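Asker:
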Amino acid sequence: MSLRTLSRSSLLLPSMIGSTSRLPLLACLSSISCSIVPRSSASPSSSSFSSCSSAFNRIAPAPSATAAPRPSGLAYKQRELPSDRELPRLKSRTPLYLSVALLSATTWGLFLFYATNAERSNSSVIGSLAFQLRTSKVVADFLGNKVHLPTLIGEFRTVKGNINMLAGRIDVQFRVKGDKAGGTAIFTSVRRGKEGRFEVLRWKIIRDDGQTLDLQAADPKSARRVIEEVVIRETETETGEKKGMVKSESEGVKRIV
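Quick note: the sequence shown uses the working numbering, first residue 4, plus one each step.
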């Protein structure tokens, strides 16, 4: 063993141990064993020292001053790594759009039904028909006393058909009820020509047990009264509107003057 080599190894060992706190004992022993070579070796002492230094560097390289700190093993394991799994497919929104469209259409249909039914039930035709049914003795014998138009909820009652006074068509049917029984009243009337009078085509009551009372034959005056009252109310409405228009025009002329 060369004295120069041993001295170099002894000087190098403390610096290597101090520079790396995590250096295992095996690295130190390997560096010392590598430095001890026989005198009869063909290679010089400098070559043995360089080989030992390279072996030590392979085992535990010295950290540089500018190198970034290496993360610990636990933090590296806890880091979320990118996954190769496919992204989940988004659910189709077609059922949602269809549900919204169906709900909107249903709401609009219910609103139209309520508006048109309220217009028919509050018309002068239905009011005149209900009055004639309440005051008719034939209807009282057929359905009983206290004849009225039943309601579903509050004052809401269903009236089917169509009422178009401008076109000259009245075709309605509605529920009517008395003390003895209930039934469906049907009234149909048309106007012949623009200036003609309304003619009653149907005016009857079909009871729930199937029996029919023809009011046009049993009480023809009631049908005529309905037509007369409707025509009188319509003419009064038209004359009132005309008078209102004339008054507004005259007031406007007075203001201008």
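From the three backbone atoms N, C-alpha and C, an ideal C-beta is built for every residue, glycine too. Here the structure is a predicted model, which means the values were calculated and not measured.
1) Quick one: residues in its chain with C-beta nearer than 8 angstroms to the C-beta of L155, no 5 flanking neighbours on either side, listed in chain order?
2) When every heavy atom of the ligand SAH is checked, does at least one fall within less than 7 angstroms of the C-beta of L169?
3) Helix, strand or coil: how does DSSP classify K183 here?
4) What is the C-beta distance between S139 and S225, in whole angstroms, given that I count them as a contact (C-beta under 8 angstroms)?
5) Go to V283, then tell me how far its beta strand (DSSP E) extends in each direction, as first and last residue.
6) Note the first and the last residue of the continuous alpha helix (DSSP H) segment covering T97.
7) If you run the structure through DSSP and keep just helix, strand and coil, what is Q135?
8) Give me the Cα-Cα distance between S213 and H151, rounded to the nearest whole angstrom.
9) What is the DSSP secondary structure of R160, counted as helix, strand or coil?
10) What is the rounded straight-line gap between the Cα of Q219 and the Cα of A108?
11) Give every residue of the same chain whose Cβ lies closer than 6 angstroms to the Cβ of G147, excluding the five residues on either side of it in the sequence, and list them in chain order.
12) Kindly list the residues whose CB is nearer than 7 angstroms to the CB of L136, restricted to its own chain and excluding five residues on each side of it in sequence; keep chain order.
13) Would DSSP call L218 helix, strand or coil?
14) So, with DSSP's three-state summary, where would you put A188?
15) Taking the straight line between their C-alpha atoms, what separation do you get for D174 and R92?
16) Assign V150 to one of three DSSP states: helix, strand, or coil.
17) Determine, using beta carbons only, whether S131 and V229 come nearer to each other than 8 angstroms.
18) Helix, strand or coil: how does DSSP classify R228 here?
19) Measuring alpha carbon to alpha carbon, tell me which residue in G186, G196, P98, V103 is nearest R210.
20) Skipping 5 residues on each side, what residues in its chain have a beta carbon closer than 6 angstroms to that of Y117?
21) Cβ of G171 within 8 angstroms of Cβ of V193?
22) Would you please state the rounded distance, in angstroms, between the beta carbons of I1 and F145? I believe it to be under 8 angstroms.
23) I'd like to confirm the pairing. Which residues does DSSP put opposite I166 in its beta bridges?
24) Report the residue from N165, T215, F159 whose alpha carbon sits nearest the alpha carbon of A121.
25) State the Cα-Cα distance for the pair D222 and T191, rounded to the nearest angstrom.
Answerer: Well, looking at it:
1) T161
2) Looking at this structure, you won't find the ligand SAH or any other ligand, since it has none at all.
3) coil
4) 6 angstroms
5) The first residue shown for the chain is 4 and the last is 260, placing residue 283 beyond what the model contains.
6) 97–124
7) helix
8) A quick correction: the sequence has Gly, not Ser, at residue 213. Roughly 19 angstroms separates the two Cα atoms.
9) coil
10) 41 angstroms
11) G181, D182, K183
12) V142, V150, V179, A188
13) helix
14) strand
15) 57 angstroms
16) coil
17) yes
18) helix
19) G186
20) none
21) yes
22) The structure shown does not extend to residue 1, since the chain is modelled only from 4 through 260, so no value can be given for it.
23) I173
24) F159
25) 15 angstroms
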